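Okay, structure first, notes after.
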Amino acid sequence: MNFELTEEQRMVADSIAAIMANFGDDYWLEKDRVGGFPRDFYEEIVRTGFLGIALPEEHGGAGFGIAEAAVMMTIANTGGGMSAASAIHMNVFSPMVIKEFATDAQRQEWLPRIIDGSDQVCFGVTEPDAGLNTAKIRTRGEWKGDHWLVNGRKVWTSTAQVANKVLLLARTSDVPEGGTPTDGLSLFYTDVDRERIAISEIEKMGRKAIDTNEFAIDDLRVPPGDLVGEEGKGFRYLLKSLNSERILLAHEAVGIGRNALDRAAKYARERVVFDRPIGMNQSIQHPLAKNWVELEAAYLLGQKAAWLYDSGQPCDAEANAAKYFSAEAGYDACLQAVMTHGGMGYAKEFHVERLLREIMITKLAPVSAQMVLCFIAERVLGMPKSY
Numbered sequence: 006m007n008f009e010l011t012e013e014q015r016m017v018a019d020s021i022a023a024i025m026a027n028f029g030d031d032y033w034l035e036k037d038r039v040g041g042f043p044r045d046f047y048e049e050i051v052r053t054g055f056l057g058i059a060l061p062e063e064h065g066g067a068g069f070g071i072a073e074a075a076v077m078m079t080i081a082n083t084g085g086g087m088s089a090a091s092a093i094h095m096n097v098f099s100p101m102v103i104k105e106f107a108t109d110a111q112r113q114e115w116l117p118r119i120i121d122g123s124d125q126v127c128f129g130v131t132e133p134d135a136g137l138n139t140a141k142i143r144t145r146g147e148w149k150g151d152h153w154l155v156n157g158r159k160v161w162t163s164t165a166q167v168a169n170k171v172l173l174l175a176r177t178s179d180v181p182e183g184g185t186p187t188d189g190l191s192l193f194y195t196d197v198d199r200e201r202i203a204i205s206e207i208e209k210m211g212r213k214a215i216d217t218n219e220f221a222i223d224d225l226r227v228p229p230g231d232l233v234g235e236e237g238k239g240f241r242y243l244l245k246s247l248n249s250e251r252i253l254l255a256h257e258a259v260g261i262g263r264n265a266l267d268r269a270a271k272y273a274r275e276r277v278v279f280d281r282p283i284g285m286n287q288s289i290q291h292p293l294a295k296n297w298v299e300l301e302a303a304y305l306l307g308q309k310a311a312w313l314y315d316s317g318q319p320c321d322a323e324a325n326a327a328k329y330f331s332a333e334a335g336y337d338a339c340l341q342a343v344m345t346h347g348g349m350g351y352a353k354e355f356h357v358e359r360l361l362r363e364i365m366i367t368k369l370a371p372v373s374a375q376m377v378l379c380f381i382a383e384r385v386l387g388m389p390k391s392y
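Set out below in structure tokens:
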């Protein structure tokens with residue numbers, strides 16, 4: 006068993022490191038203060054071809070797998086943290102559902118425009134009254150003879166302020182007799198028509214550079230060619246891409262945790278109190294060493310999930326477990342980094358307070374820790390469903 010990065014993965018890691026060297030701590034600190042999408046950073050990722058890292062070469066992508074995309078998300082192991090990762094996250098994982106389930110004609114039309122940056126995608130799934138109970142979404146698509154007419158609301162839709170496309174889930178039929186609760190949900194890849202979609206930004210605790218929004222959809226006209234796959238099977242299609250998202254998010258959480266840990270270790274080596282570096286004290290050493298162990302374990306779990314995904318093997322449990330454990334390990338590292346800095350950990354100039362605010366995203370989204378544990382208990386351990 007070889008744990009070394011492949012030649013391709015090493016190339017990805019080195020290239021991303023070179024890109025991030027041009028976007029240092031000061032750049033991301035300013036973005037955290039004033040907001041504004043990091044367009045110049047995003048365009049550099051597009052220019053170097055990394056937006057299509059896991060998409061087919063025939064459409065302009067690199068033809069790599071989720072394992073290589075996960076290595077790319079070491080972007081989070083910089084001052085960019087989740088702001089940098091989230092700037093490209095949606096446009097890396099969401100096209101996977103198009104790659105897998107769209108028609109050849111749709112792939113030829115849609116994927117090159119995502120890869121070259123012509124189209125920027127947001128994700129319209131979560132709703133205010135449904136939360137994680139996706140079967141209960143109220144956004145409805147009605148067939149009008151030559152088009153769909155969609156009405157409803159979405160929430161926590163990131164990058165909608167700058168996106169021109171939305172991957173949108175809507176109910177197009179009631180649950181058929183004998184069907185599952187998610188039958189009748191259809192997936193559309195369509196234009197963000199701002200005359201029919203009112204977009205309101207949500208103020209939040211971190212990641213100011215990446216807008217997060219509410220959608221109010223009023224008679225959005227969707228052409229039949231914007232339906233992905235078969236009508237009523239959209240949720241099944243989403244599950245495939247959601248595993249890839251969990252894997253990417255796991256690596257982002259490890260990345261931001263490692264970045265916080267490095268900052269804490271450096272501070273502990275250099276900060277002198279009572280005539281000795283605070284890093285000489287075991288009360289400082291042991292928590293940080295424990296963080297390192299947990300982050301290493303989280304990384305390996307995420308790598309296993311990525312390998313299973315790219316091998317075409319079932320990875321529901323591993324993808325969810327990687328997301329859960331990486332978020333916990335990353336959060337603990339960020340919190341300990343603040344504590345190691347003492348009062349200076351509360352100061353923006355040391356950056357660790359920003360990393361702590363941003364790591365919270367990985368604990369909350371796209372699925373809660375409690376739902377992951379319920380999933381593992383039911384699907385892996387064979388326990389009865391608890392909700």
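Sequential numbering of the sequence shown, starting at 6, is according to my numbering.
Positions of the beta carbon are idealized from the N, C-alpha and C atoms, including for glycine.
Just so we're clear, the structure is a prediction, and the values are computed from it rather than from any experiment.
With a threshold of 16 other beta carbon atoms within 10 Å, W153 meets it and is buried. With respect to N248, Y336 sits apart: the two C-beta atoms are not nearer than 8 Å.
Within its own chain, the residues whose Cβ lies closer than 7 Å to the Cβ of G40, once the five positions on either side in sequence are excluded, are K213, A214, listed in chain order. For A255, the CB contacts under 6 Å within the same chain, skipping 5 residues up- and downstream, are G307, A327, K328, S331 in chain order. Apart from the 5 residues on each side of it in sequence, K170 sits with its Cβ closer than 6 Å to the Cβ of D124, V126 in its chain, given in chain order.
DSSP places R268 in the uninterrupted alpha helix (DSSP H) bounded by 239-275. Secondary-structure assignment with DSSP links C127 through a beta bridge to V171. Boundaries of the beta strand (DSSP E) around G157: 153-163.
Of the residues A370, E301, A221, F106, the one whose Cα lies closest to the Cα of A334 is E301. DSSP places P117 within a helical segment (H, G or I) once states are collapsed to three. Distance from S91 to T53 at the Cβ level is roughly 18 Å; contact not present, criterion being Cβ atoms closer than 8 Å. I24 and T367 have their C-alpha atoms roughly 24 Å apart. Taking 8 Å as the cut-off, the Cβ atoms of L360 and I261 count as close. Non-local C-beta neighbours of L232 in its own chain, meaning closer than 7 Å and more than five positions away in sequence, comprise S191, F193, ordered along the chain. Distance from the Cα of R384 is smallest, within the candidate group Q341, A322, L340, G348, for A322. Between the stretch 156-166 and the stretch 215-222, the count of C-beta pairs closer than 8 Å reaches three or more; the two stretches touch. Residue range 217-227 is occupied by the beta strand (DSSP E) that includes N218, with no alpha helix (DSSP H) assigned at that position. S99 places its beta carbon less than 8 Å from that of S246.
By the Cβ neighbour-count rule, Y351 is exposed, with fewer than 16 other Cβ atoms within 10 Å of its own.
Ranked by how close their Cα comes to the Cα of N96, the residues M78, M285, Y272, K390 have M78 in first place. Contact between the stretch 164-182 and the stretch 139-151 is present: three or more C-beta pairs spanning the two stretches fall below 8 Å. DSSP links W148 through a beta bridge to W153.
Going by C-alpha positions, F46 is about 9 Å away from N27. Going by beta carbons, G183 and G237 fall outside the 8 Å limit.
For Y194, the enclosing beta strand (DSSP E) starts and ends at 190-196. No Cβ-Cβ contact shorter than 8 Å links A135 with T187. The straight-line gap separating the alpha-carbon atoms of M16 and T345 is approximately 34 Å. For I204, there is no enclosing alpha helix (DSSP H); the enclosing beta strand (DSSP E) covers residues 202-206. In the three-state reduction of the DSSP assignment, L306 falls in the helix class. By the neighbour-count definition (other C-beta atoms within 10 Å, threshold 16), L386 is an exposed residue. Distance from the CA atom of A265 to the CA atom of L60, rounded to whole angstroms, is 31 Å.
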